[in-house]
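All residue numbers for the sequence shown refer to this note's numbering, where the first residue is 101 and numbers rise by one.
Beta carbons: idealized from backbone N, C-alpha and C, even for Gly.
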Amino acid sequence: MGREQFIGTWKLVSSEIRLSDGQLSYPLGRHAVGRITYETAGHMSCQLVRLDRPAFASGDQWGGTPEETKAAFQGCIAYFGTYEVNEQEGTVTHHVEGSLFPNWVGTDQKRFFEFSGKQLTLTTPPIPAGGQQATARLAYERLG
């Protein structure tokens, strides 16, 4: 298996977070869109977007109100870097070079993976989310 099974572009089909109190949450909404791409050379990128973010009334990308800017930021996850697969652990680690969330830059983001047909599921270890610990589960379908 190894890295070869990851190579390509994957479309987000579902995204959910289970909070430490057991509650199921959809911070990007139930109909989020996204892509994750793994390249042969070891590079990766990921973009996840909430579809119902409000447009900036000014039409200026840099001129949103504080509320518009907050909603835009909170409704998007985007990062890129390199990756490595650990088959024994069943993990893929994203070595983040750039991210919308500045705290991820220079970090390693480990994900547990599972393949089933044309589907790839990535699950995070427990991560901080809104004052609780949470586990995110994202399912992708291979494009092409």
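Judged by DSSP secondary structure, P127 falls outside any beta strand (DSSP E); it is assigned neither H nor E. Per DSSP, the beta bridge partners of A239 are S114 and T221. Look at Q209 here: in three-state DSSP terms it is strand. In terms of Cβ geometry, F215 and T223 do not form a close pair [threshold 7 angstroms]. For A178, same chain residues with a beta-carbon under 6 angstroms away, outside a window of 5 residues either side, are Q147 and L200 in chain order. L128 sits away from E116, with the two beta carbons spaced by 7 angstroms or more. Each residue's CA atom was taken as its position, placing S158 and L151 some 19 angstroms apart.
Taking N186 as the centre and dropping the five residues before and after it, the same chain places the C-beta of V192 and T193 closer than 8 angstroms to its C-beta, in chain order.
For T169, the secondary structure class from DSSP, reduced to helix, strand or coil, is helix.
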